[in-house]
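A.B. asks: Residues 11 to 287, numbered by the numbering used here, are exactly what the sequence shown covers, in order.
Glycine included, C-beta positions come from ideal geometry on N, C-alpha and C.
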Amino acid sequence: MKLKYLVFVVALLGLVGTSCSKYQKLLKSQDYELWYTEAMNYYEKEDYTRAATLMGQLVNIYRGTDKAEEVNYTYANCLYGLNDYLTAGHYYREYVKNFPAGDYAEECQYMSAYCYYKRSPKPRLDQTTTEDAIQEFQLFINMYPNSARVEESTRLMDELRDKLVFKSYLNAKLYYNLGDYMGNNYQSAVIAAQNSLKDFPDTKYREELSFLILESKYIQAVNSVEEKKEERVRDTLDEYYSFVNEFPEGKYRKKADRIFADTDKMLKGYNTEVAVN
């Protein structure tokens with residue numbers, strides 16, 4: 011058994027060595043037709059590293075020829091297969107630019123957006139790429155409104171928008187956590203959350219953002235200077251009614267009710283003072 015295994019390993023190493031030797035000879039040759047044929051063979055076998063090495067050279071060599079379209083498309087797919095989404099996206103866009111009526115134009119326009127999607131970072135990081143992805147998907151939908159990929163593009167855009175909203179929520183939460191450190195950060199939290207709801211009214215984080223606004227206004231009211239306190243208390247109550255009207259059975263209802271009870275008590279105190287005076 012051990013002898014058979016040893017023979018198998020030796021044979022396998024021999025094949026690998028032969029394959030590598032063949033590939034190295036191919037790279038040294040100037041037979042570009044052979045390069046193209048072998049590159050397509052590697053591509054079909056999903057050997058994207060070798061295929062991309064060859065196709066990367068052939069992109070320039072075959073520019074302006076009848077093979078240019080196929081080479082550009084295949085090279086982009088090889089790069090995608092290697093998870094090089096930055097460069098793959100570039101070549102998908104190059105294909106659309108150079109072959110707007112090409113056989114793969116619709117697919118490449120979609121893949122350009124999808125490469126941005128794959129590069130979209132975690133919510134805590136800069137979201138420029140996420141915004142680029144949304145724009146590219148929207149461009150795809152505008153260009154191909156009847157495409158079978160429109161539904162998927164719309165779903166991915168919603169996912170990306172939620173990431174932007176969550177980024178906004180994290181920013182608002184950061185202001186909230188800073189509290190009174192070096193200024194009134196609660197007001198900044200309110201503004202950040204309100205802007206998120208304005209820009210993305212249908213976000214799945216709507217309840218979290220709405221409660222953050224209510225809680226931030228409540229804390230401002232409690233800690234307010236006397237001349238602004240009554241106004242902020244009333245503003246908090248208005249925010250409470252808006253919140254429970256939209257989320258009557260929400261997960262923050264109990265916390266919201268406690269805010270109401272305390273705020274209502276403070277407001278009654280002001281009303282009592284007015285009656286006495």
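#1: Here's a check: name, in chain order, each residue in its chain whose Cβ is nearer than 8 Å to the Cβ of V17, leaving out the five neighbours to either side.
#2: Have a look at E259, Y95 and F270 and flag the residue whose alpha-carbon is nearest the alpha-carbon of D245.
#3: Within the region 71-144, note down every full beta strand (DSSP E) run reaching 3 residues or more, in order along the chain.
#4: In three-state terms, what does DSSP make of F221?
#5: Based on Cα-Cα distance, which residue from D113, Y120 and C88 lies nearest to R103?
#6: Residue range of the alpha helix (DSSP H) that Q197 falls in?
#7: Measuring straight from C-alpha to C-alpha, what distance separates A111 and M153?
#8: Going by C-alpha to C-alpha distance, which of Q230, K261, E236 and E237 sits closest to L247?
#9: When you compare only the Cα positions, how much space is there between I223 and Y262?
#10: Excluding the 5 residues flanking E116 on each side, which residues of the same chain have their C-beta closer than 7 Å to its C-beta?
#11: In chain order, what are the residue ranges of uninterrupted alpha helix (DSSP H) at least 4 long that sit wholly in the region 42-68?
C.D. replies: Per the coordinate set shown:
#1: Here the model assigns V17 a pLDDT of 39, short of 50, so the residue's position is not dependable, and the following value carries that caveat. Closer than 8 Å at the Cβ level, and outside the excluded window around V17, lies no residue.
#2: Nearest option by C-alpha distance: F270.
#3: You should have found no qualifying run.
#4: In the structure shown, F221 sits in a helix (DSSP, three-state: H, G or I).
#5: Closest option to R103, Cα to Cα, is Y120.
#6: From DSSP, the alpha helix (DSSP H) with Q197 extends over N195 to D209.
#7: The alpha-carbon atoms of A111 and M153 are separated by roughly 12 Å.
#8: Comparing Cα-Cα distances from L247 to each of Q230, K261, E236 and E237, the minimum goes to Q230.
#9: Rounded to whole angstroms, I223 to Y262 spans 12 Å at the Cα level.
#10: Closer than 7 Å at Cβ, skipping near neighbours: Y154 and S157.
#11: List check, alpha helix (DSSP H) in window: 42-54.
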